[in-house]
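Below you'll find the structure, written out as structure tokens, and then a few comments.
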Amino acid sequence: MTVTEPRAYPFAIEKLDFDPLYAELRREQPLCRVQLPYGEPAWLATRYEDVKIVLGDPRFSRAAAVGRDQPRSRPYPAGAGAMISLDPPEHSRLRRLVAKAFTIRRVEQLRPRVQQIADGLVDTMVAEGAPADFVQAFGLPLPIAVMCELLGVPFEDRTDFRRWADAYLSTSKFTREQVADSRAQLREYVAALTAERRKEPKDDLLSALVAARDAEDRLSEEELLTMAETILVAGHETTATQIPNFVYLLLTNPDQLAALRADLDLVPRAVEELLRYIPAGAGSSQPRYALEDVELGGVTVRAGEPVVVDRSSANRDESVYTDPDELDLTRKEAPHIGFGHGAHHCLGAPLARMELQVTLHTLLTRLPGLRFADSADDVVWKSGVSTRGPELMPVTWDRA
Numbered sequence: 000m001t002v003t004e005p006r007a008y009p010f011a012i013e014k015l016d017f018d019p020l021y022a023e024l025r026r027e028q029p030l031c032r033v034q035l036p037y038g039e040p041a042w043l044a045t046r047y048e049d050v051k052i053v054l055g056d057p058r059f060s061r062a063a064a065v066g067r068d069q070p071r072s073r074p075y076p077a078g079a080g081a082m083i084s085l086d087p088p089e090h091s092r093l094r095r096l097v098a099k100a101f102t103i104r105r106v107e108q109l110r111p112r113v114q115q116i117a118d119g120l121v122d123t124m125v126a127e128g129a130p131a132d133f134v135q136a137f138g139l140p141l142p143i144a145v146m147c148e149l150l151g152v153p154f155e156d157r158t159d160f161r162r163w164a165d166a167y168l169s170t171s172k173f174t175r176e177q178v179a180d181s182r183a184q185l186r187e188y189v190a191a192l193t194a195e196r197r198k199e200p201k202d203d204l205l206s207a208l209v210a211a212r213d214a215e216d217r218l219s220e221e222e223l224l225t226m227a228e229t230i231l232v233a234g235h236e237t238t239a240t241q242i243p244n245f246v247y248l249l250l251t252n253p254d255q256l257a258a259l260r261a262d263l264d265l266v267p268r269a270v271e272e273l274l275r276y277i278p279a280g281a282g283s284s285q286p287r288y289a290l291e292d293v294e295l296g297g298v299t300v301r302a303g304e305p306v307v308v309d310r311s312s313a314n315r316d317e318s319v320y321t322d323p324d325e326l327d328l329t330r331k332e333a334p335h336i337g338f339g340h341g342a343h344h345c346l347g348a349p350l351a352r353m354e355l356q357v358t359l360h361t362l363l364t365r366l367p368g369l370r371f372a373d374s375a376d377d378v379v380w381k382s383g384v385s386t387r388g389p390e391l392m393p394v395t396w397d398r399a
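In structure tokens, the structure reads:
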């Protein structure tokens, strides 16, 4: 394979399909030149080991992207104060402030409450009767309710911050002006909540961040507001996308669904396999810039050049997984890197895993015969945003 000009990236995608070009690149050109919709050209890493190096090696920097025309799918790059734009030790300082809210121990303490929320949503679905739009009835409200309680955001405001989140993640769904306006509204909203916590602290993550700012001087006001915005948007969006994705994949793979229904002990392993199998998004992660010349994937990445990685391609690497394009809920091979790797490994991974486990167990036990209301063709898919998943998914079920 010989390509002289950068390839347009992201590659063509539809639903949860995976472009076969990735397999060709892994074999013949594991590091190739690509051009994203915005920013300068970049190297694209597609192999499992190369992706882990870019994400985990300190020779590749996120902070070096600040002030550059960095490769990206959205009109605006991440702000300079966001954790995703920092390297250790600054990144580590901010991460420590919120990490205790997402430890495995803390997440397990939340499991009964998440189960209660899930059961309440199913109760409402059953009471209102089939068919139902699974996205609006369950997929969105579960992670939103969890994040609202954890951060301390009123659940009744969910319509507003869902709209802001859509704009925040927009690639082409909204204009630049609409994105800028939504970001300004989100900032104003978070600032108002912060002011309320200063007057009346509560037992939530936002109050803890305010205390770290005011009493301990461990972060600036800008860092406080940016971190709260990031947690609010990223803390629910990925899980809200993956819940309908999980259901769609299981309903379109009836043999795997039957195996899971027959053995609920498979649920934790099924969550990991579904996370490996489902494409993580409509494109790459945030770019890293080489701080020195680095040999990677058979080429030399020069100091100052950006590299983007495709975690979904890494999770389909034939050198790591047997039959990687097959969904196998009993798979026991290498851990996926759907949550990233290295310093920027997803902070909320334990919470997302738990929510997804609760989701599968609840749906399998509470909604017998869950299926598409008519057919998979009725599913409406998101467009113009950086996440891949259903926007509307009509489902039905049997009476218990």
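Mind the numbering: the sequence shown is residues 0 to 399 in numbering that gives the first Met the number 0, read in order. The beta-carbon is built from N, C-alpha and C at its ideal position, and this holds for glycine as well.
Could you have a look at residue i and say whether DSSP puts it in helix, strand or coil?
i	result
L224	helix
Y167	helix
F154	helix
C147	helix
F160	helix
T329	coil
P305	strand
T123	helix
S219	coil
S60	strand
F101	helix
T45	coil
E294	strand
D213	helix
Y320	coil
R175	helix
F371	strand
R315	coil
A269	helix
R287	strand
L85	coil
L346	coil
L359	helix
Going by C-alpha distance, which of the options is nearest residue i?
i	options	result
V319	P5, V306, T45, V121	T45
D262	L363, I116, D376, A126	L363
D264	T361, L369, D397, P57	T361
P393	G128, A164, E304	G128
A191	A131, D202, S206, V178	S206
V379	R370, E390, F371	E390
N314	L273, Q114, R92, T225	L273
Y8	T193, L259, C31	C31
R26	G341, D49, I12, A41	D49
P130	V384, L369, T386, I143	L369
D254	A333, P278, L326	L326
K332	R275, R365, E354	Note that residue 332 corresponds to Glu in the displayed sequence, not to Lys. Considering only alpha carbons, the answer is R275.
M226	V246, L204, I242	L204
K201	A239, A166, L149	L149
R182	T386, T229, E220	T229
G280	P142, Q241, T193	Q241
L224	P243, R186, A257	R186
E220	G119, P40, K99, A81	A81
D400	A62, L20, R71, R95	Given a span of 0 to 399 for the chain in the structure shown, any question on residue 400 remains unanswerable.
F10	K51, M146, P29, L35	L35
I12	D165, P278, A164	P278
Quick check on residue i: buried or exposed, where buried means 16 or more other Cβ atoms within 10 Å of its Cβ?
i	result
T75	The identity of residue 75 in the sequence shown is Tyr, whereas the question assumes Thr. Exposed, because fewer than 16 other Cβ atoms sit within 10 Å of the Cβ of Y75.
Q108	exposed
D377	exposed
S171	exposed
S311	buried
F382	First, the amino acid is wrong: residue 382 is Ser here, not Phe. So S382 counts as exposed.
E176	exposed
I103	exposed
S91	exposed
Q135	exposed
R73	buried
H335	buried
Q69	buried
H343	buried
G66	exposed
S374	exposed
Q115	exposed
S84	buried
Identify the residues that DSSP records as bridge partners of residue i: which are they?
i	result
Q34	A7
W380	P389
R467	Any property of residue 467 remains undetermined from this structure, which presents the chain solely from 0 to 399.
D132	P393
Y188	Looking at the DSSP assignment, Y188 forms no beta bridge with any residue, so it has no partner.
T299	E294
Shorter than 7 Å, the distance from the beta carbon of residue i to the closest heavy atom of the ligand PLP, or not?
i	result
D18	Absence of the ligand PLP from the depicted structure is noted, as is the absence of any ligand whatsoever, leaving it without description.
Legend entry - Touching by the beta-carbon criterion (3+ pairs, under 8 Å), the region 207-216 and the region 290-297: no
Legend entry - contact_flag[the region 222-236, the region 157-170] where n(CB pairs < 8 Å) is 3 or more: Cβ pair count under 8 Å is three or more, so yes.
Legend entry - Cβ pair count under 8 Å reaching 3, the region 56-64 against the region 291-305: yes
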